[in-house]
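Position in the sequence shown (first residue = 1) + 239 = the working numbering.
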Amino acid sequence: MLGRRQFIGGAAGLGAVGFFGFNAGCGGGGSATEWVVGSYLSLTGGEAKFGADTKDGIELAVEEINAAGGVKGKKIKVLFEDNKGQVSEVTNKVQQLIDRDKVVALLGEVASSRSEPAAVIASKKGIPMISPSSTNKVVTEGKDFAFRVCFVDEFQGKMGAEFCVKTLGKKKIGIAFAEDDLYSNGLAGEFRKAVKELGGEIVGEAKFTQNEMNFTTFAKELKASGAEMIYAPIYYKQMVQLGRHAKEEGITGNMWLGSDGWSGEQALLDELEGAYFTDHHAPDLPWEPSKKFVAAYEAKFKRKPSSLAAMGYDAAGVLADAIKRAKEDTPKGIRDAIAETKDFPGASGVITIGPDRNAQKPIVVSQIRGKEAHYADVRGPGAEKLLGGATPPAAAQLTAEPSATASA
Ligand code: PHE
């Protein structure tokens, strides 16, 4: 069990300044020696990997920034709160971070369903928030203080559909998704639309709730639909089970295309050899800032970073960069500087924040090979930078030979 809160950050620790963040009364920018930032994540519960990996990424970024002297002479300190993966916990935690701890900015969440209510509060209270990896459009829409350093699902769904229909040459497609989850339902819709536009056919849809864990009947239906490829924009917890039950029906790993919700869990990589999924980052990208990040992460945590960790790292990096550029050392000043972020060299690619407060950046298509995620393709704005001039290995092969994986 985790304590109420965990700290990381400046050596000043819990001294006189420990509990003060931005103090409006003084007109200054945070405490005398620290920038106090709040992060609300799923550190326990069914999606604990989302929170834990993101926290690792944030910690690494903050450690590097503080070791290099901090920002404007002050260290960054992050107060982590655990929302247990529950929407009902989010409001409370975010309000505490803002009202009690007086944070200058917020980092979180991963799941769109939890970022959205936080974004409403942050915008109402005028505290900037950066979601590392929430991709549903409503997270930032109409919420003036809410930003994200990742792409949105309209783009993710379209790129998934293109990869499936054009690159892999699969036209009969099934979809499996959690109807009552904001992210899953939204992304399934974007994908469905794009497949139709590209001339593909949706031959079957398995719709379940986000708590479903028995997929035997759904797997039978998908198999019977004659789908050559199945798109499953769901979180890893369900996908591990769905993959297992589908395998019993003869649906093999290479018949799956997933989305970023697959990230973070080794059990999924173990289960779905050959499967593809769209993501924010892959540890083997030939892009310098990524290589540096991966090496530092491996040195600290003794394992490869998931894309969640990369996004936590980039969210913290973009925030620190904005604090540095802010004309005024206030939440509003920081908000305006985040909005002006241009060509920030993140681990997950070059990040520019657009007028909709979303990042404009490329998407990675990963393939599971040898129980690891390897990039197979990179698409979208700035893809060539992320590829460092290299031709993505699998994509080149697949384009030349569309049926190469049909029976692999
Ligand atoms: N994009 C997902 C959402 O919006 C969250 C997610 C991101 C999950 C990255 C895993 C990895 O809900």
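Ideal Cβ positions, reconstructed from N, Cα and C, are used throughout, including at glycine.
query, result
"Alpha helix (DSSP H) runs wholly inside the segment 391-451, at least 4 long, in chain order", "392-401 and 421-436"
"Cβ separation of G413 and L481, assumed to be a contact under 8 Å, to the nearest whole Å", "Contact flag wrong, Cβ pair sits at about 12 Å."
"Boundaries (first-last residue) of the beta strand (DSSP E) holding S605", "I602 to R608"
"Straight-line Cα distance separating V359 from E298", "26 Å"
"Closest Cα partner of I356 within the set A385, V343, T293 and K341", "It should be noted that the sequence gives Pro, not Ile, for residue 356. Measuring from the Cα of P356, the nearest candidate turns out to be A385."
"DSSP state of G268 mapped onto helix, strand, coil", "Confidence in G268 is poor, its pLDDT being 47 and thus under 50, which makes the residue's placement unreliable; the coordinate value appears in the next sentence. Reduced to three states, the DSSP call for G268 is coil."
"Contact test: F289 Cβ vs the ligand PHE heavy atom, cutoff 7 Å", "yes"
"heavy atom of the ligand PHE below 7 Å from Y279 C-beta", "no"
"Among K531, Q395, A415 and E436, the one whose alpha carbon lies nearest that of P584", "K531"
"Start-to-end residues for the alpha helix (DSSP H) that takes in M478", "Y475 to E487"
"Test item: CB-CB of E510 and V479 under 8 Å", "yes"
"Distance cut-off 7 Å: T448 Cβ against heavy atoms of the ligand PHE", "no"
"Closer than 7 Å: S372 CB and nearest the ligand PHE heavy atom", "yes"
"Where L346 falls: helix, strand or coil (DSSP)", "strand"
"Among R387, V317, W274 and D292, the one whose alpha carbon lies nearest that of E537", "D292"
"Any C-beta of chain C under 8 Å from that of V533", "Structure shown: chain C not included; a single protein chain is present."
"Which of helix, strand or coil DSSP assigns to E273", "strand"
"Close Cβ partners of F540 (< 7 Å) along its chain, the five nearest in sequence each way excluded", "D295"
"H519 CB to nearest heavy atom of the ligand PHE below 7 Å", "yes"
"Euclidean distance between Cα positions of K581 and K432", "31 Å"
"Residue interval of the beta strand (DSSP E) (run including E320)", "K314 to D321"
"According to DSSP, residues forming a beta bridge with E611", "R608"
"Other residues of its chain near V391: CB distance less than 6 Å, five sequence neighbours each side excluded", "T374, K376 and N597"
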